[in-house]
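In the numbering used here, the protein residues as written are 21 to 132.
See below:
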């Protein structure tokens, strides 16, 4: 199994959720995140004062899938989140040793 983690622009979240549903992903976790990459934030003007916004709002999406489905999930996230502009985000996968469904105690693929 793999844990797929994606950091995307918050306004692309609905497109990513739809893309994942279309390929059969039924569960995911979304958290609000903030950070920066190469863009190092940006400058904004508020009430005439200029200030530096160094942490940009993002959405963090986490999905646990079977190894065979990992590439399809990554591709779907990238297609849905991509705008072609700086700050589109990142997607990565890490191996997962054990998954347990708390309600039933099921383990492994049955717990997905």
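Where a beta carbon is used, it is the ideal one built from N, C-alpha and C, also for glycine. Fair warning: this is a prediction, and the values are worked out from it, not measured in the lab.
Inset, instruction - Kindly identify the DSSP beta-bridge partner or partners of residue 50. - result: 81
Inset, instruction - Can you tell me which of the three DSSP states residue 70 falls into? - result: strand
Legend entry - Option in 23, 39, 53 with minimal Cα separation from residue 144: Outside the modelled stretch of the chain, which goes from 21 to 132, sits residue 144, for which no answer is possible.
Inset, instruction - Out of 32, 113, 117, state which residue places its alpha-carbon closest to the alpha-carbon of residue 77. - result: 32
Legend entry - Which of helix, strand or coil DSSP assigns to residue 32: helix
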